Amino acid sequence: MPTFVITISLPDTYEDDFLALIPRHCSVINRLLSEKVIETYAISADRCRGWITVNGDDAGAVRSIVEQFPLYRYFHGIEIDKLFILDSVATRFPVISLN
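When the count follows the working numbering, it moves up by one through the sequence shown with no breaks and lands on 245 for the last residue.
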């Protein structure tokens, strides 16, 4: 199954409605992480951008996953790119120690 990276732009300031949705949003993200639909989820230190790697059949399927996020209506921009290579420490086998 192909992997996509999603780049999201978040609002500059957060209103109470946005903040109230964060626990539900985190719950959805955690469920998708445990189901291995989402591989990684990151938000920048200034909280204005985010990156999510998602496994999906195509860009349309990935977009429909993002549209289910509780915070989706607050995203100012969404870019979806199909990846050719995704390599990370997390996807490698652990180093074996023979001691």
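We put the CB at the ideal spot given by N, CA and C, even for glycine. If you're wondering where the values come from, they're calculated on a predicted model, not measured in any experiment.
Cβ pair Ile152, Ile198 closer than 8 Å: The count along the sequence shown starts at 1 and reaches residue 152 at position 6. The count along the sequence shown starts at 1 and reaches residue 198 at position 52. Yes. Within cutoff.
Taking the Cβ atom as the reference point for each residue, do Asn201 and Thr237 lie within a distance shorter than 8 Å? For the purposes of this step, residue 201 is taken as residue 55 along the sequence shown, with counting starting at 1. For the purposes of this step, residue 237 is taken as residue 91 along the sequence shown, with counting starting at 1. No; because the gap between Cβ atoms is not below 8 Å, this pair is not in contact.
Among residues of its own chain, excluding the 5 on either side of Thr186, which ones have a beta-carbon nearer than 6 Å to its beta-carbon? Counting from one through the sequence shown, the residue named residue 186 turns up at place 40. Cβ neighbours of Thr186 beyond the five flanking positions: Thr199.
Roughly how many whole angstroms lie between the Cα atoms of Gly196 and Ser155? Translated into positions along the sequence shown, residue 196 becomes position 50. Translated into positions along the sequence shown, residue 155 becomes position 9. Rounded to whole angstroms, the separation of the alpha carbons of Ser155 and Gly196 is 7 Å.
Which ranges would you report for the alpha helix (DSSP H) in the segment 159–195 if only whole runs of at least 4 residues count? Those alpha helix (DSSP H) runs which fall completely within the segment 159–195 and span 4+ residues are 162–180.
Rounding to the nearest angstrom, what Cα-Cα distance links Leu229 and Cys194 in this structure? Taking the sequence shown and counting its residues from 1, the one referred to as residue 229 is at position 83. Taking the sequence shown and counting its residues from 1, the one referred to as residue 194 is at position 48. About 23 Å.
Leaving aside the five residues before and after Pro216 along the sequence, list all residues of the same chain whose C-beta is less than 7 Å from its C-beta, in chain order. Residue numbering aside, residue 216 sits at position 70 when the sequence shown is read from its first letter. Contacts found: Leu167, Arg170, His171 and Val174.
Would Ile226 pass as a contact of Val183 if the rule is Cβ separation under 8 Å? Working through the sequence shown from its first residue, we reach residue 226 at position 80. Working through the sequence shown from its first residue, we reach residue 183 at position 37. Remark: C-beta atoms of Ile226 and Val183 do not approach each other more closely than 8 Å.
Under the assumption that Tyr218 contacts Pro157 (Cβ atoms under 8 Å), give the Cβ distance between them as a whole number of angstroms. Start at 1 with the first residue of the sequence shown, and residue 218 comes out as number 72. Start at 1 with the first residue of the sequence shown, and residue 157 comes out as number 11. The beta carbons of Tyr218 and Pro157 sit about 12 Å from each other, so the pair does not count as a contact at 8 Å.
List the endpoints of the continuous beta strand (DSSP E) containing Ile231. Taking the first residue of the sequence shown as position 1, residue 231 is located at position 85. Segment: none, Ile231 is in no beta strand (DSSP E) and carries neither H nor E.
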